[in-house]
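Enquirer:
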Amino acid sequence: MQAEDGHIYFISLILSLIEGLLLFLRAIYLAVLFTPSLLTSPFADCFGLQFRKIWIQLVHLTLEKAGPAFIKWGQWAATRPDLFPIDLCSELSKLQTKAPAHSFSYTKKTIENAFGRKLSEIFEDFEEDPVASGSIAQVHRASLRFKYPGHRIKTMVVAVKVRHPGVAESIRRDFLIINSVAKISYLIPTLRWLRLDESVQQFAVFMLSQVDLAREAAQLSRFAYNFRRWKDVSFPKPLYPLVHPAVLVETYEQGESVAYYVDVLKGHARIKKALAHIGTHALLKMLLVDNFIHADMHPGNILVYVPNTKTSSKRLFRSRPHVKFIDVGMTAELSQSDRVILLDFFKAVALRDGRTAAECTLKFSQKQNCPNPKAFLEEVEKYFTFWSTPEGEAVHPADCMRQLLEQVRRHKVNVDGNVCTVMVTILVLEGWQRKLDPGYDVMKTLQTLLFKSDWAESLTYTIEGLMAP
21 MQAEDGHIYF ISLILSLIEG LLLFLRAIYL AVLFTPSLLT SPFADCFGLQ FRKIWIQLVH
81 LTLEKAGPAF IKWGQWAATR PDLFPIDLCS ELSKLQTKAP AHSFSYTKKT IENAFGRKLS
141 EIFEDFEEDP VASGSIAQVH RASLRFKYPG HRIKTMVVAV KVRHPGVAES IRRDFLIINS
201 VAKISYLIPT LRWLRLDESV QQFAVFMLSQ VDLAREAAQL SRFAYNFRRW KDVSFPKPLY
261 PLVHPAVLVE TYEQGESVAY YVDVLKGHAR IKKALAHIGT HALLKMLLVD NFIHADMHPG
321 NILVYVPNTK TSSKRLFRSR PHVKFIDVGM TAELSQSDRV ILLDFFKAVA LRDGRTAAEC
381 TLKFSQKQNC PNPKAFLEEV EKYFTFWSTP EGEAVHPADC MRQLLEQVRR HKVNVDGNVC
441 TVMVTILVLE GWQRKLDPGY DVMKTLQTLL FKSDWAESLT YTIEGLMAP
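Per this note's numbering: the sequence shown ends with 489, consecutive numbering throughout.
1. Between the Cα of L240 and the Cα atoms of W250, N438, D232 and P258, which residue gives the shortest distance?
2. For R375, collect the residues of the same chain with a Cβ closer than 7 angstroms to its Cβ; drop the 5 residues on either side in sequence, then sort them by chain order.
3. Please return the same chain residues whose Cβ sits closer than 7 angstroms to the Cβ of K292, not counting the five positions on each side in sequence.
4. What does T351 pair with, by DSSP beta-bridge criteria?
5. So within the stretch 386–411, which uninterrupted beta strand (DSSP E) runs reach at least 3 residues, ignoring any that extend past its ends?
6. Between the stretch 318–325 and the stretch 261–276, are three or more C-beta pairs nearer than 8 angstroms?
7. Could you check the C-alpha separation between T409 and T468 for me, to the nearest Å?
8. Measure the alpha-carbon distance for F135 versus G94 and round it to whole angstroms.
9. Run through the DSSP bridge pairs and tell me what I322 is partnered with.
10. For I313, does the count of other Cβ atoms within 10 angstroms reach 16, so buried, or fall short, so exposed?
11. Helix, strand or coil: which one does DSSP assign to S57?
12. Out of curiosity, what's the CA-to-CA distance linking D347 and D316?
13. Using a 10 Å radius around the Cβ and a threshold of 16 neighbouring Cβ atoms, would you call P417 buried or exposed?
14. V442: buried (16+ other C-beta within 10 angstroms of its C-beta) or exposed?
15. Quick check on P391: buried or exposed, where buried means 16 or more other Cβ atoms within 10 Å of its Cβ?
16. Can you name the start and end residues of the alpha helix (DSSP H) that A368 belongs to?
17. Is the stretch 70–77 in contact with the stretch 95–103, if contact means three or more CB pairs nearer than 8 angstroms?
18. D461 lies in the beta strand (DSSP E); which residues open and close that run?
19. The beta strand (DSSP E) with M176 in it runs from where to where?
20. To which residues does DSSP link R100 through a beta bridge?
21. Report the three-state DSSP secondary structure of V159 (helix, strand or coil).
22. Taking all protein chains shown into account, decide if T445 is buried (16 or more other Cβ within 10 angstroms of its Cβ) or exposed.
23. Of the residues I298, S254, R161 and L233, which one's Cα is nearest the Cα of W452?
24. In whole angstroms, give me the CA-to-CA distance for E147 and R165.
25. If we ignore side chains and look at the alpha-carbon of each, how far apart do D252 and H342 end up?
26. When you compare only the Cα positions, how much space is there between A89 and L362?
27. Taking the continuous beta strand (DSSP E) assigned at Y576, which residues delimit it?
28. Please classify T55: is it buried, with 16 or more other beta-carbons within 10 angstroms of its beta-carbon, or exposed?
29. Would DSSP call S277 helix, strand or coil?
30. Bridge partners of V444, per DSSP?
31. Going by DSSP in three states, R248 sits in which element: helix, strand or coil?
32. Give me the Cβ distance between I142 and V231, rounded to the nearest whole Å; I'm assuming they're in contact under 8 angstroms.
33. Alpha carbon to alpha carbon, how far is S339 from S332? Give it in angstroms, no decimals.
34. Secondary structure at E426, three-state DSSP: helix, strand or coil?
35. For E413, which of helix, strand or coil comes out of DSSP?
36. Determine the direct distance from the alpha carbon of H184 to that of T130, and round the result to whole angstroms.
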């Protein structure tokens with residue numbers, strides 16, 4: 021018995037040493053990879069705009085080469101203009117999650133291990149080549165046979181998401197390194213205000229949803245339930261019991277990226293206007309009714325389906341579009357106090373009340389470390405005073421929010437990650453909706469709703485009324 025215990029201890033020790041060596045080699049690789057970006061960062065603003073653009077592109081390239089955890093961190097950082105400059109956030113939002121596809125043999129083995137059945141027993145047809153491959157997983161199209169009691173066997177086209185080999189272990193190692201760097205940064209007074217250790221913990225929750233496909237399935241189910249009565253909005257539905265941390269089978273969603281309607285399709289003002297209303301409709305429900313927000317609403321994660329568009333171009337004008345939100349790995353929920361403060365903040369922006377807006381912003385963190393709150397209040401009030409002039413009234417409320425977030429960064433004001441994520445989600449949605457329908461104002465719609473004395477009681481009715489194109 022003692023010999024057996026000693027053998028187990030010896031194997032554990034060897035594995036720990038190997039893990040430690042891998043962690044050390046990974047840290048060395050990352051240190052070498054990030055050195056050019058870190059060494060040039062103090063000079064990013066010293067040699068003109070062109071040099072800064074080159075440095076920002078270098079940061080982008082470095083994160084892409086660093087692997088899945090850093091790509092996802094960059095995408096997450098793009099939602100934090102309170103911590104990072106706007107031009108850097110804009111560049112990081114372009115980070116691509118494309119990655120080489122793993123072999124079909126690995127896909128087959130992973131699915132069979134996850135569900136304990138042969139691939140051919142589960143699927144009638146399975147496309148070996150993936151339709152997409154990201155940094156965390158790749159997606160295959162397949163046909164699933166199912167039968168309801170008393171009904172004929174039907175075939176359903178599904179999307180099968182399979183996690184890449186070793187990605188969970190790779191991300192875990194990188195998190196150990198990132199977390200160590202964050203803790204060290206807290207010991208440096210000039211970096212302490214960033215609270216990188218807290219930001220890393222918030223990012224860890226986001227990454228957990230990305231790596232654990234069963235968690236993503238739970239979030240899809242929650243969204244599907246929240247929008248179960250809406251005809252114009254839907255989400256992919258996970259097909260239980262075909263759900264596992266490494267494999268997720270969900271309904272395959274047909275549609276065109278909303279980017280096509282924003283940037284490519286000319287004319288068709290009616291359908292674009294309808295899309296702008298539906299997007300606002302969905303966001304208001306997530307924010308004010310459900311308190312469960314899809315926090316990654318860039319155009320690539322929004323599909324639009326218009327029935328009968330191939331039959332006749334005229335039908336495009338008559339058909340009402342259906343919006344499908346996909347990739348719900350990044351979500352946000354607010355505490356009750358944060359929701360109240362955020363709504364007061366939006367009201368203050370609408371009224372051009374700079375002091376109240378600044379005071380609300382300072383309340384967005386329970387551990388506020390702003391070195392000079394008075395200077396921040398005065399700076400924000402100065403901006404809002406200008407916005408209240410005839411010249412300043414031409415500034416769009418969303419642009420006011422963007423400039424306010426820039427002041428938050430400059431004055432080192434701490435803002436809770438979820439609150440900032442919600443703000444940025446609103447701004448992202450407002451950006452593409454302004455292109456779809458220049459006359460439609462998401463911020464104004466939100467403000468009109470909030471100034472209703474009984475908005476909480478009549479919310480559903482109000483949103484339904486706002487939806488009429």
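Note that beta-carbon positions come from the ideal geometry of N, C-alpha and C, so glycine has one too.
Expert: The structure says:
1. P258
2. Result list for R375: L397 and E401, in chain order.
3. The residues Y281, L456 and D457, in chain order, have a CB closer than 7 angstroms to that of K292 in the same chain once the five nearest residues on each side in sequence are set aside.
4. Paired residues: H314.
5. none
6. With the cut-off at 8 angstroms, the stretch 318–325 and the stretch 261–276 touch.
7. Each residue's alpha carbon lies about 21 angstroms from the other.
8. 34 angstroms
9. According to DSSP, I322 bridges with F345.
10. buried
11. helix
12. 8 angstroms
13. buried
14. buried
15. Per the 10 Å Cβ criterion, exposed.
16. Q356 to A370
17. Short answer: they don't touch.
18. Annotation: D461 is outside any beta strand (DSSP E) and is labelled neither H nor E by DSSP.
19. Going by DSSP, M176 is part of the beta strand (DSSP E) stretching over K174 to R183.
20. According to DSSP, R100 bridges with nothing at all.
21. strand
22. buried
23. I298
24. 15 angstroms
25. About 5 angstroms.
26. So the two alpha carbons sit approximately 30 angstroms from each other.
27. Past the boundaries of the shown model lies residue 576; the chain is included only from 21 to 489, so the question cannot be answered.
28. Looking at its Cβ environment, which holds fewer than 16 other Cβ atoms inside 10 Å, T55 is exposed.
29. The answer is strand: DSSP assigns S277 an E or B state.
30. Note: V444 sits in no beta bridge, so no partner.
31. If DSSP states are grouped into helix, strand and coil, R248 belongs with coil.
32. In fact, because the Cβ distance is near 23 angstroms, the residues do not count as touching under 8 angstroms.
33. Confidence at S332 is low in this model, with a pLDDT of 48, below 50, so its placement is unreliable and the value that follows should be read with caution. Between S332 and S339, the C-alpha separation is close to 11 angstroms.
34. helix
35. helix
36. 10 angstroms
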